[in-house]
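J.: Sharing a structure with you now.
In the UniProt record's numbering, the protein residues as written are 1 to 396.
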């Protein structure tokens, strides 16, 4: 009895199969897989003998690392919706099946991308296009994402106690496209409050770290600047501090002036007349270097007695005395004006911001502001030189 009468011909050699016969067999296989309506069951995974032996021997001793290793050894691709029935039916090899699955996924992604790009605004009313919004609505979105509710400190001033959770800025919108970047940068640097701290006693390279981080172009977009000026520095700059013995350095600080403000801001790439607001708060006498030097010039009894020292500081920090000091500064520098925070400063800020220094004496720059344009009193004016006066009937 012949063996091939009871089963398949085990003596069959594929190499001897004619080309026409092989193509007809593959064609019938493709036709059969496409005509079938039922979803063919996925091929059974080959058993991992090593995993079976270990799990059968002691399932408690199999670690998570070993399980991940066993998963890596199993090369059977997952059954995903993106794989077609033809891919499941024709499996020349596991590697070819995985490559076909990846190629089909990439083709599908590319087709979806082309479909989205082909959509027009009037074709699909459910499609939202941010660029189609009016500019004022886009600016409102930028303001919500890019403007925080507190000051931005360009330099680190040491650890400080946090009083509240500052609103986070979401700057990733600047990475979406060129239009969002250009418009968003105007809001990011033009609407946030940049606090430069004590403005007159800074080294020449003070702006270098900040400019290196954001660039001169971005720094030139700053429009709101806060700063501080020590009342003790103003008194010390006008007093006679000539020492009886030579010193290694001159303790007299830099005096507040429009010329100094212009020079200081130019190191950041900021033009003084382009600012919408430049507000300077007057620091009271206290824990600063100028106050320490004035104490050295005071009587020895004041320096050595804590009670007398407190009385000396209270007399220096009287509100009327500080107000007169501010008036003398404004008389000397015609581009500066005395101001109240809630009346003359808060209205130029787009956020609800109440700094701890709001109760101090304030000075604002009364020159041409970028928000108002370059017209003052109906005439075109240019930036004044070295503290020349620029009068304006507009509120500060």
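The C-beta atom is built at its ideal place from N, Cα and C for all residues, glycine as well.
Would you identify the three-state DSSP class for residue 72, choosing helix, strand or coil?
T.: Here residue 72 refers to the residue found at position 72 when the chain shown is read from its first residue. Note that residue 72 scores a pLDDT of 43, beneath 50, so its modelled location is shaky; the value from the coordinates is reported in the next line. Helix, per DSSP.
J.: Note down the Cα distance separating residue 295 from residue 195, rounded to an integer number of angstroms.
T.: Taking the first residue of the chain shown as position 1, residue 295 is located at position 295. Taking the first residue of the chain shown as position 1, residue 195 is located at position 195. The alpha-carbon atoms of residue 295 and residue 195 are separated by roughly 28 Å.
J.: Is residue 210 near residue 155, with beta carbons less than 8 Å apart?
T.: Sequence index remark: in the chain shown, residue 210 carries index 210 (1-based). Sequence index remark: in the chain shown, residue 155 carries index 155 (1-based). Yes.
J.: From which residue to which residue does the alpha helix (DSSP H) around residue 306 run?
T.: One-based indexing of the chain shown puts residue 306 at position 306. Start and end: 306-316.
J.: With 16 other CB atoms within 10 Å as the buried threshold, where does residue 231 fall?
T.: For the purposes of this step, residue 231 is taken as the residue at position 231 of the chain shown. With 16 or more other Cβ atoms within 10 Å, it is buried.
J.: Leaving out five residues on either side along the sequence, give the residues of the same chain with a beta carbon under 8 Å from the beta carbon of residue 349.
T.: On the chain shown, residue 349 is found 349 positions in, with the first residue counted as 1. Excluding sequence neighbours, residue 349 sits near 193, 224, 277.
J.: Could you tell me the distance, in whole angstroms, from the CA atom of residue 282 to the CA atom of residue 185?
T.: The residue you call residue 282 lines up with position 282 of the chain shown. The residue you call residue 185 lines up with position 185 of the chain shown. Spanning the two alpha carbons is a distance of roughly 31 Å.
J.: Kindly confirm or deny that the region 104-113 and the region 142-149 touch, where touching means at least three C-beta pairs closer than 8 Å.
T.: no
J.: Helix, strand or coil, according to DSSP, for residue 293 in the structure here?
T.: For the purposes of this step, residue 293 is taken as residue 293 along the chain shown, with counting starting at 1. In the structure shown, residue 293 sits in a helix (DSSP, three-state: H, G or I).
J.: May I have a chain-ordered list of the beta strand (DSSP E) segments no shorter than 3 residues that lie completely inside the region 205-236?
T.: 224-230
J.: Out of 236, 352, 362, 260, point me to the one whose CA is closest to residue 191's CA.
T.: Taking the first residue of the chain shown as position 1, residue 191 is located at position 191. Looking at the Cα atoms, 352 is the closest of the given residues.
J.: Let me check one thing: in DSSP terms, what residues is residue 338 bridge-paired to?
T.: Against the chain shown, residue 338 aligns to sequence position 338. For residue 338, which the question treats as bridged, DSSP gives the partners 363.
J.: Which class does residue 279 belong to by DSSP, given the choice of helix, strand or coil?
T.: As a working note, residue 279 is residue 279 in the chain shown. Of the three classes helix, strand and coil, the one that applies to residue 279 here is strand, per DSSP.
J.: Would you grab the beta carbon distance between residue 270 and residue 199 for me? Rounded to a whole angstrom, and I think it's under 8 Å.
T.: Translated into positions along the chain shown, residue 270 becomes position 270. Translated into positions along the chain shown, residue 199 becomes position 199. The pair is not a contact, with the Cβ atoms about 12 Å apart (cut-off 8 Å).
J.: Mapping the DSSP letters down to three states, classify residue 130 as helix, strand or coil.
T.: Your numbering for residue 130 matches position 130 in the chain shown. Here residue 130 sits in helix by DSSP.
J.: Roughly how many angstroms lie between the CA atoms of residue 346 and residue 364, to the nearest whole one?
T.: Counting from one through the chain shown, the residue named residue 346 turns up at place 346. Counting from one through the chain shown, the residue named residue 364 turns up at place 364. The alpha-carbon atoms of residue 346 and residue 364 are separated by roughly 12 Å.
J.: Among 325, 101, 259, whose alpha-carbon lies nearest the alpha-carbon of residue 284?
T.: Counted from its first residue, the chain shown places residue 284 at position 284. The shortest CA-to-CA distance from residue 284 to any of 325, 101, 259 is the one to 325.
J.: Quick one: what's got a C-beta closer than 6 Å to residue 149's C-beta in the same chain, skipping five residues either side?
T.: The sequence position of residue 149 within the chain shown is 149, counting from 1. Closer than 6 Å at the Cβ level, and outside the excluded window around residue 149, lie 167, 351.
J.: At what residues does the beta strand (DSSP E) containing residue 196 begin and finish?
T.: Taking the first residue of the chain shown as 1, we reach residue 196 at position 196. Taken as a continuous stretch (DSSP letters only), the beta strand (DSSP E) holding residue 196 covers 194-198.
J.: By DSSP, does residue 152 sit in helix, in strand, or in coil?
T.: Against the chain shown, residue 152 aligns to sequence position 152. Here residue 152 sits in strand by DSSP.
J.: Is the beta carbon of residue 267 less than 8 Å from the beta carbon of residue 207?
T.: Mapped onto the chain shown, residue 267 falls at position 267. Mapped onto the chain shown, residue 207 falls at position 207. Contact: yes.
J.: Excluding the 5 residues preceding and the 5 following residue 301 in the sequence, name in chain order all residues of the same chain whose CB lies nearer than 8 Å to its CB.
T.: Residue mapping note: residue 301 aligns to position 301 of the chain shown, counting from 1. So the qualifying residues of the chain are 308.
J.: With distance defined between alpha-carbon atoms, name the residue in 287, 131, 343 nearest to residue 178.
T.: Along the chain shown, read from residue 1 onward, the residue named residue 178 stands at position 178. It is 131 whose Cα lies nearest to the Cα of residue 178.
J.: Grouping DSSP H, G and I as helix and E and B as strand, with all else coil, what is residue 323?
T.: Walking along the chain shown from the start, residue 323 turns up at place 323. Correct three-state label for residue 323: helix.
J.: Just verifying my parser: in three-state terms, what is the DSSP assignment at residue 330?
T.: The count along the chain shown starts at 1 and reaches residue 330 at position 330. In this structure, residue 330 counts as helix in the three-state DSSP scheme.
J.: So, at 7 Å on beta carbons, what are the nonlocal neighbours of residue 235 in its own chain, with the 5 sequence-adjacent residues on each side left out?
T.: For the purposes of this step, residue 235 is taken as the residue at position 235 of the chain shown. Cβ neighbours of residue 235 beyond the five flanking positions: 294.
J.: Short of 6 Å in beta carbon distance, which residues of its chain neighbour residue 371, apart from the five on each side in sequence? Order them along the chain.
T.: The residue labelled residue 371 in the question sits at position 371 within the chain shown. The pLDDT assigned to residue 371 is 42, lower than 50, so where the model puts this residue is not dependable; a value taken from the coordinates is nonetheless given after this. The beta carbon of residue 371 sits closer than 6 Å to the beta carbons of 276 from its chain, once the five residues preceding and following it are set aside; these are given in chain order.
J.: Answer with buried or exposed for residue 291, where buried requires no fewer than 16 other C-beta atoms within 10 angstroms of its C-beta.
T.: For this step, residue 291 is matched to residue 291 along the chain shown. Result: buried.
J.: Please list, in chain order, all residues of the same chain as residue 317 whose beta carbon is under 6 Å from its beta carbon, the five residues on each side excluded.
T.: By 1-based counting over the chain shown, the position of residue 317 is 317. Closer than 6 Å at the Cβ level, and outside the excluded window around residue 317, lie 284, 285.
J.: Apply the 10 Å Cβ neighbour rule to residue 335 and answer buried if 16 or more other Cβ atoms are within range, or exposed otherwise.
T.: Here residue 335 refers to the residue found at position 335 of the chain shown. Per the 10 Å Cβ criterion, buried.
J.: Can you tell which of 172, 189, 355, 272 has the C-alpha that lies nearest to the C-alpha of residue 218?
T.: Looking up residue 218 in the chain shown gives position 218. Comparing alpha carbon positions, the residue from 172, 189, 355, 272 closest to residue 218 is 189.
J.: Between the beta-carbon of residue 204 and the beta-carbon of residue 233, is there less than 8 Å?
T.: Locating residue 204 in the chain shown gives position 204, where the first residue counts as 1. Locating residue 233 in the chain shown gives position 233, where the first residue counts as 1. No. Outside cutoff.
J.: Please tell me whether, using a cut-off of 7 Å, the distance from the CB of residue 366 to the nearest non-hydrogen atom of the ligand SAM is below it.
T.: Because no ligand of any kind appears in the structure shown, any question about the ligand SAM cannot be addressed here.
J.: Using the three-state DSSP reduction, which class does residue 170 fall into: helix, strand or coil?
T.: As a first step, residue 170 is located in the chain shown; it is residue number 170 there, counting from the start. Three-state DSSP puts residue 170 in coil, outside helix and strand.
J.: Within 10 Å of its beta-carbon, does residue 361 have 16 or more other beta-carbons around it, so buried, or fewer, so exposed?
T.: Position 361 of the chain shown, counted from the first residue, corresponds to residue 361. So residue 361 counts as buried.
J.: Output needed for residue 170: all residues of its chain with C-beta closer than 6 Å, excluding positions within five of it in sequence on either side, in chain order.
T.: As a working note, residue 170 is residue 170 in the chain shown. 145.
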